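Engineer: In the working numbering, the protein residues as written are 5 to 218. We put the beta carbon where it would ideally sit given N, CA and C, even for glycine. As the structure is a computational prediction, the values presented were derived from the model and not from experiment.
#1: Can you tell me whether DSSP reads residue 26 as helix, strand or coil?
#2: Measure from the C-beta of residue 171 to each C-beta in chain C and report whether the shortest distance is under 9 Å.
#3: CA-CA distance, residue 48 and residue 77?
#4: Compute the Euclidean distance between the alpha carbons of residue 96 and residue 106, then round it to the nearest angstrom.
#5: If we count the other Cβ atoms within 10 Å of its Cβ and call it buried at 16 or more, is residue 58 buried or exposed?
#6: Taking all protein chains shown into account, decide if residue 33 is buried (16 or more other Cβ within 10 angstroms of its Cβ) or exposed.
#7: Here's a check: name, in chain order, each residue in its chain whose Cβ is nearer than 8 Å to the Cβ of residue 103, leaving out the five neighbours to either side.
#8: Give the straight-line distance between the Cα atoms of residue 150 and residue 115, rounded to the nearest whole angstrom.
#9: Rounding to the nearest angstrom, what Cα-Cα distance links residue 187 and residue 202 in this structure?
#10: Tell me the rounded alpha-carbon separation between residue 125 and residue 110.
Here it is as structure tokens:
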């Protein structure tokens, strides 16, 4: 009988196998079964040994991996802590910069308002300057006219001065003539003036006439 077939028949139908075999076959079968059991036991021992070795290798590998991962995790944790500190520092700086930017924004808004106010004032001053420019232009025209009038007045004054000079010249001549006439008149009056005796006689005659009339 084939050994493998015998083993298969023995395993699946042991009662049938015993009826079909004689003593030698049974002894051979028992020998084969014992050998198979021994080989299975040795295989189990070897499998257990290899499994234990594999388990030990895996455990050691996991332990080494855990150590390496632990070191890497510690390293990463340290780096994360460092990055956290840097992020906190950057956050503080960003908060500070945000406050400064807000302050600068307020100052810019204030300056913008002041610039707008100055722009309004400049516009107002521009309007006033335009008005003053118009007035200056008007005054310039008036000054030009005044200069023309002054030239005319100057010419008239020169003509008047010339005529006054002529009048003064004629007046001087008239003064001399009048003075001479006055001297002549004084001489005539002196020659025509009555004496005191004549005046006294005339007064007495007038008084006598008045008394006779009354």
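Structural biologist: Short version:
#1: Counting from one through the chain shown, the residue named residue 26 turns up at place 22. Reduced to three states, the DSSP call for residue 26 is coil.
#2: This model lacks chain C altogether, as it is built from one protein chain only.
#3: Here the question's residue 48 lines up with position 44 in the chain shown. Here the question's residue 77 lines up with position 73 in the chain shown. Roughly 40 Å separates the two Cα atoms.
#4: Start at 1 with the first residue of the chain shown, and residue 96 comes out as number 92. Start at 1 with the first residue of the chain shown, and residue 106 comes out as number 102. Going from the Cα of residue 96 to the Cα of residue 106 covers about 15 Å.
#5: Numbered from 1 along the chain shown, position 54 holds the residue referred to as residue 58. Answer is exposed; the Cβ neighbour count stays below 16.
#6: Start at 1 with the first residue of the chain shown, and residue 33 comes out as number 29. Classification for residue 33: buried.
#7: Against the chain shown, residue 103 aligns to sequence position 99. So the list is empty, once near-sequence residues are dropped.
#8: Translated into positions along the chain shown, residue 150 becomes position 146. Translated into positions along the chain shown, residue 115 becomes position 111. Taking the straight line joining both Cα atoms gives about 49 Å.
#9: For the purposes of this step, residue 187 is taken as the residue at position 183 of the chain shown. For the purposes of this step, residue 202 is taken as the residue at position 198 of the chain shown. Answer to the nearest angstrom: the Cα atoms are 25 Å apart.
#10: Position 121 of the chain shown, counting from 1, holds the residue named residue 125. Position 106 of the chain shown, counting from 1, holds the residue named residue 110. Spanning the two alpha carbons is a distance of roughly 22 Å.
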